[in-house]
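Trainee: Residue numbers (this note's numbering): 281 to 387.
Note that CB positions come from ideal geometry on N, CA and C, so glycine has one too.
Source: prediction; values computed, not measured.
Below you can see the structure in the form of structure tokens.
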């Protein structure tokens with residue numbers, strides 16, 4: 281996985297191809313609507329509890345791909361395979377959320 285902090289994006293292998301993911305403002309608005317969140321604070325609280333479902337991972341990866349300029353449907357993303365299985369999906373989401381919201385120490 282490649283992280284470009286200056287551009288706010290990561291590159292991850294999804295479905296056998298390297299793809300750019302970015303949680304742009306539009307992608308975050310998409311997530312707010314998907315999760316029924318009223319604002320970014322409630323969205324952040326949902327993500328920071330450490331308990332994300334498979335559907336949550338799917339929604340976040342889908343939004344990241346949309347923000348990265350890809351035009352995949354949610355169903356397309358659901359069919360994409362990732363090395364490492366569930367742990368691979370979780371790693372992509374973790375890196376994307378950390379980059380977007382700064383959960384981890386920037387060091």
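(1) So, with DSSP's three-state summary, where would you put residue 301?
(2) Counting only the same chain and skipping the five closest in sequence on each side, list residues whose C-beta sits under 6 Å from that of residue 373.
(3) Is it true that the segment 342 to 353 meets the segment 315 to 333, where meeting means three or more beta-carbon pairs spaced less than 8 Å apart?
(4) Leaving out five residues on either side along the sequence, give the residues of the same chain with a beta carbon under 7 Å from the beta carbon of residue 360.
(5) How is residue 387 classed by DSSP in three states: helix, strand or coil?
Mentor: Reading it off the structure:
(1) For the purposes of this step, residue 301 is taken as the residue at position 21 of the chain shown. Residue 301: strand per DSSP, three-state reduction.
(2) Here residue 373 refers to the residue found at position 93 of the chain shown. So the qualifying residues of the chain are 337, 340.
(3) no
(4) Locating residue 360 in the chain shown gives position 80, where the first residue counts as 1. Cβ neighbours of residue 360 beyond the five flanking positions: 294, 295.
(5) The count along the chain shown starts at 1 and reaches residue 387 at position 107. Below a pLDDT of 50, predicted positions are generally treated as unreliable, and residue 387, at 40, falls in that range; no measurement from the model is reported.
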